[in-house]
Amino acid sequence: MATLALLATTCSGPSGGGEGRSGGGEGPRGSESARGKGDAGAPGWGFTHTQYSADQGTASGRKAAAALLSGHPMTQNQHIMGWGAGNPEPSPGHYDFSDLDRRVALMRKTGTAPVLTLCCAPDWMKGGEPGRTDWSRKSLETAPTPEHYKDFAALAGQIARRYPQVRHFIVWNEFKGFYDDDKKRWNYEGYTRLYNLVYRELKKQNAKNQVGGPYVVADSDAPGDAPGEADGPAAVSGPWGTLDQRSADAITYWNEHKLGADFAVVDGSSYTREGDRLIPDAFGATRKFRDVTRWLRKTTGLPVWWAEWYVEPADGDDERTGWSEERRTAVQASAMIRLAQGGTAAAFYWNPETTDADCPGCLWRPTELDGGGRALPMMGLLGRFAREFPPGTALRSVDIAADDRPNVQVLADDDAVLVVNTLDRPIKAKIDGRSFGMDGYEVRWLRR
1116 MATLALLATT CSGPSGGGEG RSGGGEGPRG SESARGKGDA GAPGWGFTHT QYSADQGTAS
1176 GRKAAAALLS GHPMTQNQHI MGWGAGNPEP SPGHYDFSDL DRRVALMRKT GTAPVLTLCC
1236 APDWMKGGEP GRTDWSRKSL ETAPTPEHYK DFAALAGQIA RRYPQVRHFI VWNEFKGFYD
1296 DDKKRWNYEG YTRLYNLVYR ELKKQNAKNQ VGGPYVVADS DAPGDAPGEA DGPAAVSGPW
1356 GTLDQRSADA ITYWNEHKLG ADFAVVDGSS YTREGDRLIP DAFGATRKFR DVTRWLRKTT
1416 GLPVWWAEWY VEPADGDDER TGWSEERRTA VQASAMIRLA QGGTAAAFYW NPETTDADCP
1476 GCLWRPTELD GGGRALPMMG LLGRFAREFP PGTALRSVDI AADDRPNVQV LADDDAVLVV
1536 NTLDRPIKAK IDGRSFGMDG YEVRWLRR
């Protein structure tokens, strides 16, 4: 808790005033945002465990990380195979839940409502040899073959029985293995068949189980670059670009043919599908999260979850290490503001855990190292955001001085104000009638 208090001080800066939920340049006052039906019961803000997490490392590192997470309770998400969990059913009817048991125990001990992502599939469900597991990326991202959809649903049911306290399940991940190369589009028919079988099985186990999909990637193209854009208006567009119509089609088909759903899930980035462009800039591009969320709520009528979101383009090795931590944290704060403005019911930060001392964007120092488990800047932002702006929060307007509107983004309720300096230089800001200085890319929390 002392670590959290210190982090909150260094990340937040001195307290002042101001409250709002506005983006710079969008008007003199931030607009209030109505929450979608059912959002109040959603898991809210949290993160996803990946390959290395708080259940590994030194004893002192694990203890410190567990204390950090317990003091910062958030929803935690874990995949059933991969990203830290072994093959749960190496051969038909033979189970190995040792890794998943450990992760679920960690989530229940240190978090709030645990979430399980039902991905990926054992090798024998996708043409592999029973008893063997190919951990290559190509194999992991292969979907079950249609004749094994029922087997995967049965595995989902087995998992639901094993962890009766888990109530939230996401079906599959990013349509992995469901792209139709011949048709040049997602195989949304196949995914929806799998989803419906899993949905029926999970509801059979417990009608209170909450199930959602389709977890397709909400890719986007730069303005004017979308394939087929001349054929008609895009489903979603903005200054940031246009939502990939293939993604929109997958969401629409799933929504029209699903047996049922308790929430709709997507993931995506603020940068473009081709070229990793941030339009008009890193902060302006985050408006995509608000616009896509609003479209999803209108299209599906369901609470909207973001299983992952990204703001920094990756390099050739899929690493996001080019920005300073100050810039990264500021743009992430902008993205979360936009997600909240859209009425997002839950969003899970993909924690880029490593075993290296340099861990850009990580929530805590790797537990394998000396001093492991200590909070890093992104934990300060995510943890406090989860506490200050849970689902159902009534968001309020705030006055922003005219000169400051292009330079800051603000979110507020009755108690807290989040202010982000979108410039890489110091500024003087006047928010809600109070003036204060901000460092470049500073993220500041204020009390009202």
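Per the working numbering, residue 1116 is the first one in the sequence shown, and the count goes up by one each step. Beta carbons: idealized from backbone N, C-alpha and C, even for Gly.
Original post:
Are the Cβ atoms of E1483 and G1172 separated by less than 7 Å?
Top reply: yes
**OP:** Since I believe T1415 is in contact with N1370 (beta carbons under 8 Å), could you give me their beta-carbon distance rounded to a whole number of angstroms?
**Re:** The Cβ separation is near 5 Å, so the contact holds.
Original post:
Terminal residues of the continuous alpha helix (DSSP H) containing G1495?
Top reply: Where G1495 is concerned, the enclosing alpha helix (DSSP H) starts and stops at P1492 to E1503.
Original post:
With distances taken from CA atoms, which of G1159, W1160 and L1184 is nearest R1480?
Top reply: L1184
Original post:
In whole angstroms, what is the alpha-carbon distance linking E1468 and M1493?
Top reply: 12 Å
Original post:
Where does I1515 fall in DSSP's three states?
Top reply: Strand.
**OP:** Check each candidate in E1289, A1180, S1550 and R1223 and name the one with the smallest Cα separation from T1232.
**Re:** E1289
**OP:** Give the DSSP-derived three-state secondary structure of R1559 in the structure shown.
**Re:** strand
Subject >> Proximity winner among V1230, P1229, C1234 and A1228, relative to P1203 (alpha-carbon distances) >> reply: C1234
**OP:** Drop a sphere of 10 angstroms on the beta-carbon of P1329, count the other beta-carbons inside from all chains shown, and report buried for 16 or more, exposed for fewer.
**Re:** Buried is the label assigned to P1329, since at least 16 other Cβ atoms lie within 10 Å of its Cβ.
Original post:
Straight-line CA distance for R1511 to R1443?
Top reply: Cα-Cα distance, rounded: 26 Å.
Subject >> Closer than 7 Å to chain B by CB, K1319 >> reply: No chain B is part of this structure, which consists of one protein chain only.
Subject >> Stretch-stretch touch, CB-based, cutoff 8 Å, three pairs: the stretch 1313-1333 with the stretch 1273-1293 >> reply: yes
Subject >> Among T1163, S1175 and D1216, the one whose alpha carbon lies nearest that of T1190 >> reply: T1163
Original post:
If we ignore side chains and look at the alpha-carbon of each, how far apart do A1517 and A1531 end up?
Top reply: 22 Å
Original post:
Between the C-alpha atoms of D1296 and K1253, what's the straight-line distance to the nearest angstrom?
Top reply: 15 Å
Original post:
Taking C-beta to C-beta, are N1311 and L1411 nearer than 7 Å?
Top reply: no
**OP:** For D1547, name the three-state secondary structure that DSSP assigns.
**Re:** Of the three classes helix, strand and coil, the one that applies to D1547 here is coil, per DSSP.
Subject >> Local conformation of I1542 per DSSP, three classes >> reply: strand
**OP:** Have a look at F1214 and I1195 and give me their C-alpha separation to the nearest angstrom.
**Re:** Sequence check: residue 1214 is Asp here, not Phe. Spanning the two alpha carbons is a distance of roughly 9 Å.
Original post:
How many Å lie between A1460 and A1200 at the Cα?
Top reply: C-alpha of A1460 to C-alpha of A1200: approximately 26 Å in a straight line.
Subject >> Nearest-angstrom Cα separation, counted from R1276 out to Y1320 >> reply: It is worth fixing the name first, because residue 1320 is Gln in this sequence and not Tyr. Approximately 7 Å between the Cα atoms of the pair.
Original post:
Going along the chain, which unbroken runs of the alpha helix (DSSP H) with 4 or more residues stay wholly within the stretch 1246-1303?
Top reply: 1252-1255 and 1264-1277
Original post:
Over what stretch of residues does the alpha helix (DSSP H) that includes S1213 continue unbroken?
Top reply: S1213 to T1225
Subject >> Residue burial classification, P1456 (beta-carbon count within 10 angstroms, cutoff 16) >> reply: Contrary to the premise, residue 1456 reads as Gln rather than Pro in this sequence. Q1456 should be labelled buried.
Original post:
Around the C-beta of W1301, are 16 or more other C-beta atoms found within 10 angstroms, so that it is buried, or is it exposed?
Top reply: Under this definition W1301 is a buried residue.
Subject >> Opposing strand residues paired with S1352 [DSSP bridges] >> reply: T1357
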